[in-house]
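Inspection log for the structure reproduced underneath, given as structure tokens.
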Amino acid sequence: MTSPADSAVRPGVNETFVLNLGPQHPAAHGVLRVKMTMDGEYVMRAEPVIGYIHRMHEKMGENRTWAQFLPNTGRIDYLSALHYNHAYVAAVERALKIEVPRRAEFLRVITSEMNRISSHLVWWSAYLIDLGGLTPLLYAFDDREKLLDLLEAVTGSRLTYTYFRFGGVYNDVDEAFLRGTRQFVREFRPRLKMYRDLVTDNIILRKRLENIGPISAEQCRKYGATGPVIRGSGVAYDVRRAEPYSVYPELDFEIPTRPEGDSMARYLVHMAELEQSLRIIEQGLDRLPDGPVLGKVPRVLRPPAGDYCFAVEAARGRFMVRLVSDGKDIPYRVKLRTPSFSNLSLFEETSRGMILPDALALMGSLDLVIPDIDR
Amino acid sequence: MKASILEVPRGFWSLLVGMRVTLTQFFKPVVTVPYPHKTLPIPARYRGHIELVVDPATGRPLCTACKLCERACPSDCIFVDGAKREGEKKKSVTEYRLDFTKCSLCGSCVEACASDAIRFSKDYNLAGTRKEAYQYDLVQRAAEEAKKP
Amino acid sequence: MNPTLDQLCEQFGRLVGTVPVPSKPPVPTASSSVGPALGLPVAASGEGRVAGPASESGAGLRPADQAAKMAAHPPPAPTGPIQKTDHAAKGYDLDVTVAPTQIVMAAEIMDRAGFGLDAITGVDWLAQEQMEVVYDYFHPTAPGRVAVRTRVPRARPEVPTIAAVFPGANWHERETHDFFGLVFAGHPDLSPFLLPEDATFHPLRKDYQP
Amino acid sequence: MNILTHEPYRLLLALVALLAFVGVNAMYLVLAERKGAGRFQRRPGPNEAGYGGWLQPVADVAKLLSKQLLVPPGTDTILFRLAPLIVLAPAMMCLAVVPFSDTLTARDVNFGLLMVFSFGSINVLAIMLSGWSSRNKYAIISAARVVSQNVAYEIPMLLVAITLLMITGTMDLNEIVRQQAGGFWHWNLFRVWVNPLMPVTFVIYFICMLAETNRAPFDMAEAESELVAGAFTEYAGMGFGVFFMAEYANIVLGSSLATVLFLGGWQSPFGVFSGVLWFLLKMYALVFTVIWVRWTFPRTQFYGLLNLSWKILIPISLFTLLLSSALLKLVHA
């Protein structure tokens, strides 16, 4: 390609039209609308228009007790509900200085990583649908079903788990869960190889993703893009290491990074994270101590006045809860800093001058969950 | 130049590898379950909508209408009313309405319950054509359940 | 460059010490920056909010500065402008309070130090008739989380935009404008973002009635 | 059957039979595709309508026929209506010269190959018209893509055809099949002593066929996740159904031609029991491969697709053309 961007942004000589991609479009994964100013197939300006499923979780937080807001957090990013539960629960624990039993912490880590795998699998399959490959979806969902079955047996729900509680977890796991999880880890490794054969090494996919939508580390920093996006740009930023929480400091895992910064780099980071999550699950299962799963929690929660932050590494990047308490039993302010919001804000700058399918390949690689953006 | 020429056979080979993967899957058995002809077992902890637990001794709900669940509910979908029966120390429930259209199945009510009087039902085939169908009268539901052998 | 917290404290100390007064010529940096920077003990305590003496030792500052500082430090936040906080207790390592006019300079300090923009949000302090704007920063390669905050009167909630420093601030500021009606002066487009396009209300204001 | 000897009646009957063949094929290939996709994805595919889902195509057609034929305001009504008509005709015309067996040909013409290629390229015109007349941005992008794609892939396809033409020395499809008699080592695909690159030629032909029929991974016309339904976005009911039928008719045609040109047509691979069954077997094996490819790969990027044609397929097919002409001149002269 001889720099299509030059001709696309040359003023005065082009006839442009506006393509309204969405809010109902097969590639938008929900109700994201992108107002694209196009010159032929070249995207001159892609302006995301968001808010179609805005639910004002932050206002809801100011209208219910600390405990009542907990189910909401799993519904922000429905694909990584446990990470969001974790951040909120841990922020309140931080405010109230609640001790969490070690068994509960390990269970949190194990289930969170299972949730990360299931979330990445949805991303992977949905991304391939964006790219026109329909079969991987079914394979990924086959694996994901096994995870969801395991999590459902423990939490009672398949998606919006609300498994974590202030001071621990909802209920203890049984032997069947531990056995099933080990079996899943065993069975999933060969599947990863199959995914590599079927998709990752595929020349068509490589041609579609390599050198598409490069994002520099500097851009990630300026836009606050985190998660696989910043790791795909060569920065080993992971909240699990940068602001260690739970029992992650005790566990041995790597932060996969790729220096290229293109869509393929983000893709490979996602795939490498699946393997790392498996490692964390294995270690968690090996070290899972006995003991209670719920610590001592005051009956009525009234965190002392002040503000408290807690960030976790959700499947899509840094998720932070900023709580402001005025000492009452309902929060004064709940700020939810969601990763997809910051990740999408990159899109307008980076998509300029790309052709439409490449822009969609870039958008997919950002791993967007629309409720996570709109909250 | 050499790399891009080599890329052609390598790329073609990667396509063949991919096709081998799908063909292997082609001859493997189906993994889906033909719902509704067959269904999967529901785990014991499945969180359906709530229902009242019936005391097997008396055949009446255990609920004492303490309204803890009503207060715990984030979505205001529970209404409980109770009255004292003659000769009994505790109140007993007379009305327990669940507005399932608002319920988000979070389970806060079950957790809040001090007397283990509510539990999750295993109903999941919850399609309907009218909104009113989801205003559950749980006392009536419990009474019907108690009648069953 | 991965600056230590102490270096950041010093930089912020210089910033807080030199409040630019729009109507008067700029304060000579030599005289005013050394004082607070040296006198900045930066309370590093496990319990977080312990007042640094710097805030009350404003004797060396001129009245205009003092007034601006008083505006920036209302009764509910009586502690020093720069505090090291315990990450385990608060979730951030450095808590900086600046005047609204210093927000862009604070962002530049963060930018130079290699921080990334985490989030921008507001808090409506109805009782104090103030709006707080909180800027969270994270560092992609080094540990350290910084919260920069400022307060503006509720009657005229206006702060300068930092979108020129951090382009990612564009969306966060639009969102904050949506929710709180905070005006980010110089922002290219403050039309409703998450709210419906004809929204004229600001739902996270404490006096908002649906 | 005296009447069959009269050419006009015979042709009429053959055309009706072909129409039925194409129609039934399109219906049941849709089912086969859905069933096949299901198997590739470890699920049963449509299985509710009729035993094992075999009435599904009937249900599909009934649904499509009962739908309102929408013509969106602002479209070029005549062209919008005309496009579905044009799209199906060329495939029918081409199938008329395809030898299903020794005797089973609608019209045995001695320039069959030429006819197939000339009619085959009309297909793209129909898709372009539909995209153009729809007054839809997705459709017009798709139309532009389809034209450049088809132009790009026509070239290697014709180069392959010329290579074959030089080897066989005839344009008569029946004659081409007859030359491949006597076992699978006589098929053009395996005639490596004439041209060692024959298998490569076949692969190029197959890739071009996928591209010409707008099948995945080259489905630029539809490109569901980018262009919604591409050129067919505005079509409803049977208007859309006809495009769907045309897609499968073109697959059948492409596979038939590949069978005739490379796989020995109705010739048995062992030299005995030749007949129409062998033809159908080979053709449907190729159709299965087309389905298999679709459910394996992601879609190519549009420029990647053009690059593949111009930078890889055309040079290679030019090289094979040169090689086979040189070999013909020097070795087999």
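So the sequences go chain by chain: A, B, C and D.
Each residue of the first sequence is one higher than the one before, counting from 8 in my numbering.
Each residue of the second sequence is one higher than the one before, counting from -5 in my numbering.
Each residue of the third sequence is one higher than the one before, counting from 287 in my numbering.
Each residue of the fourth sequence is one higher than the one before, counting from 3 in my numbering.
Cβ atoms here follow ideal geometry from the backbone N, Cα and C, with glycine treated the same way.
Just so you know, these numbers come straight off a predicted model, no measurement behind them.
### Message
Can you look up S125/A in the DSSP assignment and give me helix, strand or coil?
### Response
helix
* To do: Note down, in chain order, every chain A residue with its Cβ under 7 Å from the Cβ of S(-2)/B.
  => Correct list: empty, because the minimum Cβ distance to chain A is about 12 Å.
Under 8 Å between C-beta atoms of T407/C and T447/C
no
Just mark M45/A as buried or exposed, buried being the case when its beta carbon has 16 or more other beta carbons within 10 Å.
With 16 or more Cβ atoms within 10 Å of its Cβ, M45/A is classed as buried.
Uninterrupted beta strand (DSSP E) stretches inside the region 371 to 438 of chain C (no shorter than 3 residues) | 380 to 383, 402 to 411 and 416 to 424
Determine, using beta carbons only, whether L26/A comes closer than 8 Å to chain D.
-> yes
**Asked** Residues of chain E with a CB under 8 Å from the CB of W297/D: which are they?
**Response** Judged by its chain identifiers, the structure shown contains no chain E, and its protein chains are A, B, C and D.
Around the Cβ of P311/C, are there at least 16 other Cβ atoms within 10 angstroms (buried) or fewer (exposed)?
A caution first: P311/C carries a pLDDT of 38, below 50, which makes its placement in the model too unreliable to give a value.
Review point. Looking at the structure shown, is I60/A part of a helix, part of a strand, or coil, going by DSSP?
Key: coil
Using CA coordinates, which residue listed in V32/D, L310/D, N309/D and A39/D is at the minimum distance from W56/D?
V32/D
### Query
If the cut is a Cβ gap below 8 Å, which residues of chain D does D365/A touch?
Q303
Verify the CB distance criterion: does T18/B have a CB-CB separation below 8 Å to chain D?
Answer no: the Cβ-Cβ gap between T18/B and chain D never drops below 8 Å.
Practice task
To the nearest angstrom, report how far apart Q369/C and K42/A are at their CA atoms.
Solution key: When rounded, the distance between both Cα atoms is 44 Å.
Counting only beta-carbon separations shorter than 8 Å, does P251/A have a partner in chain B?
no
| Is it right to say T170/D is buried, meaning 16 or more other beta carbons lie within 10 angstroms of its own, or is it exposed? | By the 10 Å Cβ count, T170/D comes out buried.
Q | Between the CA atoms of T261/D and A163/D - distance to the nearest angstrom | A | 13 Å
For a cutoff of 8 Å on Cβ pairs, would you count R45/D as touching chain A? yes
H488/C burial status per 10 Å Cβ neighbour count (16 or more: buried):
buried
TODO: State the Cα-Cα distance for the pair L409/A and R151/A, rounded to the nearest angstrom.
DONE: Lying outside 8 to 382, the shown extent of chain A, residue 409/A is not represented and no answer is given.
Take Y286/D as the anchor and find which of A251/D, G306/D, P300/D and I318/D has the nearest alpha-carbon.
A251/D
Exercise. Would you verify that the beta carbon of F470/C is, or is not, closer than 8 Å to some beta carbon of chain A?
Key: no
On the DSSP bridge list, what partners appear for A471/C? P446/C, per the DSSP bridge assignment.
Less than 8 Å between the C-beta atoms of T322/D and T203/D, yes or no?
yes
**Q.** C-alpha distance - Y423/C paired with D404/C, whole-angstrom precision
**A.** 5 Å
**Message:** Suppose you measure from the CA of C161/B to the CA of V304/A; what does that come to, to the nearest Å?
**Reply:** In the structure displayed, chain B extends from -5 to 143; residue 161/B sits before or after that span and is not available.
- prompt: Taking the alpha-carbon positions, what's the P364/A to Y134/A distance?
  reply: 12 Å
| request: Within its chain, find whatever has a CB closer than 7 Å to the CB of I124/A; leave out the 5 residues flanking it on each side and keep chain order. | output: L154, L281 and S284
Problem set entry | Check whether L329/D and N190/D have beta carbons under 8 Å apart | no
(request) Examine the Cβ distances between the region 77 to 96 of chain B and the region 127 to 140 of chain B and report whether three or more of them are shorter than 8 Å. (result) yes
Counting only C-beta atoms, is S332/A closer than 8 Å to chain C at any point?
no
> Three-state secondary structure (DSSP) at V331/A?
Replying inline: strand
Which same chain residues end up closer than 6 Å to N49/D when comparing Cβ atoms and leaving out the 5 residues on each side of it in sequence? G55
Q) With a cut-off of 8 Å, do at least 3 Cβ pairs link the region 58 to 76 of chain D to the region 211 to 224 of chain D? A) no
Partner residues on chain B for R71/A, Cβ-Cβ distance less than 7 Å:
P68
* Compare the C-alpha of E82/B against each of R4/B, L56/B and T26/B and name the closest. => L56/B
- Residues bridged to D93/B [DSSP beta-bridge criterion]: Q129/B
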